[in-house]
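Trainee:
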Amino acid sequence: MMATDTAGTDRGWAVVTGASSGIGAATARALAKEGYSVLACARRVDRLETLAAEAPGIEAWALDVTDQDSVDMLAEHLAGRRVTVLVANAGGAFDGAPIADADLDSWTRSYEVNVLGTVRTVKALLPRLRASQDGLIVVMSSTAGHGVYEGGGSYVAAKHAETSIAGTLRLELNGEPIRVCEIAPGMVRTDEFAVNRFGGDADRAASVYAGVAEPLVAHDVADAVAWVATRPSHVNIDRMVIRPVAQAAQHKVHRVLD
Ligand code: 8X3
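In case it helps, the working numbering puts the sequence shown at residues 5 to 262.
(1) Report yes if the C-beta distance between GLY26 and GLU186 is below 8 Å; otherwise report no.
(2) Indicate whether ALA165 and GLY156 have their beta-carbon atoms separated by less than 8 Å.
(3) For GLY204, count neighbouring C-beta atoms within 10 Å of its own C-beta (all shown protein chains included) and say buried if the count is 16 or more, exposed if not.
(4) Is it true that the CB of ALA36 sits closer than 8 Å to the CB of LEU78?
(5) Who are the near neighbours of VAL152 in its chain, counting only those whose CB is closer than 6 Å to its CB and skipping five residues on each side?
(6) Would you mind stating whether LEU52 and ALA94 have Cβ atoms separated by less than 8 Å?
(7) Return yes when at least one heavy atom of the ligand 8X3 lies under 7 Å from the C-beta of THR147, else no.
(8) Cβ of MET77 versus every heavy atom of the ligand 8X3: is any distance shorter than 7 Å?
(9) Does DSSP classify ALA222 as helix, strand or coil?
(10) For the segment 177-257, list the alpha helix (DSSP H) runs that are entirely contained and at least 4 residues long, ordered along the chain.
(11) Going by DSSP, what residue range makes up the alpha helix (DSSP H) through VAL42?
(12) Which residue marks the beginning of the beta strand (DSSP E) containing ALA92, and which one marks its end?
(13) Looking at HIS150 and THR172, is the spacing between their C-beta atoms short of 8 Å?
(14) Does the distance between the C-beta of GLY12 and the nearest non-hydrogen atom of the ligand 8X3 fall short of 7 Å?
(15) Do you know whose CA, among TYR213, SER74, PRO189, lies nearest VAL225's CA?
(16) For VAL257, which residues of its own chain have a beta-carbon under 8 Å away from its beta-carbon, when the five flanking residues on both sides are left out?
(17) Would you list the residues sitting across from ILE62 in a DSSP beta bridge?
(18) For a test of the three-state rule: what should DSSP assign to THR172, helix, strand or coil?
(19) May I have a chain-ordered list of the alpha helix (DSSP H) segments no shorter than 4 residues that lie completely inside the segment 97-178?
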């Protein structure tokens with residue numbers, strides 16, 4: 005069945021936010037491969053269109069999770085469609101500053117995208133997930149949602165909030181046919197995450213992964229999302245913490261440096 009009809013495939017529609025790169029793009033591909041009709045959402049539509057052209061089953065949709073009108077338009081676009089999965093993935097880190105030097109604009113941005121963006125999207129799409137009678141919400145948090153580290157600042161705080169959102173939602177939706185899973189990746193090497201965090205400083209971004217033999221890649225996390233989504237409807241994977249073997253804990257990373 006074509007991905008662009010309103011019914012979607014038998015698996016229904018999976019909405020992935022932050023799908024223009026990294027984990028989001030890989031997740032869109034992985035879910036399409038599993039037979040979902042995927043609505044890949046992000047601000048950078050040109051990238052989404054490239055993604056959609058590469059992979060059958062993916063439709064591109066412009067979305068800014070920090071903008072209520074934009075999220076309302078997404079919900080309208082999905083009216084009448086059978087939406088079975090929401091991957092609330094849009095997010096990011098925008099600084100690596102200690103709290104003593106906190107840039108409050110960066111904190112605001114972090115909360116706007118990671119926390120309020122997730123709440124706004126979940127709230128807008130809940131009616132569609134309910135209507136499907138077989139919904140799944142995946143909240144993409146981070147190991148930064150479970151531990152703290154120096155310079156983690158706005159990101160660590162926001163990811164702790166996302167962890168709380170996933171847990172609270174699971175309690176509040178108990179009794180409804182909607183699963184809630186939190187995926188908490190550790191060190192994932194993507195093109196943009198660390199570069200964005202350090203304001204475009206590529207050398208500082210590269211130092212995050214220095215000497216680490218095999219950081220996770222976006223597909224490793226996408227694979228987990230696809231696995232969670234394709235469990236039987238009565239199986240709720242509450243949380244997955246995924247790290248590279250070299251990272252035993254947030255501060256315990258095996259590095260081989262020259
Ligand atoms: C990214 C993991 O270690 O940079 O979500 O906080 S970390």
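Glycine is no exception: its CB is placed at the ideal position from the N, C-alpha and C atoms.
Mentor: This is what the structure gives:
(1) no
(2) no
(3) exposed
(4) no
(5) VAL160
(6) no
(7) yes
(8) no
(9) helix
(10) 197-201, 206-212, 222-233
(11) No alpha helix (DSSP H) contains VAL42, which is instead part of the beta strand (DSSP E) from 41-46.
(12) 87-92
(13) no
(14) no
(15) PRO189
(16) MET191, VAL216, ALA250, GLN251
(17) VAL42
(18) helix
(19) 108-114, 121-136, 157-176
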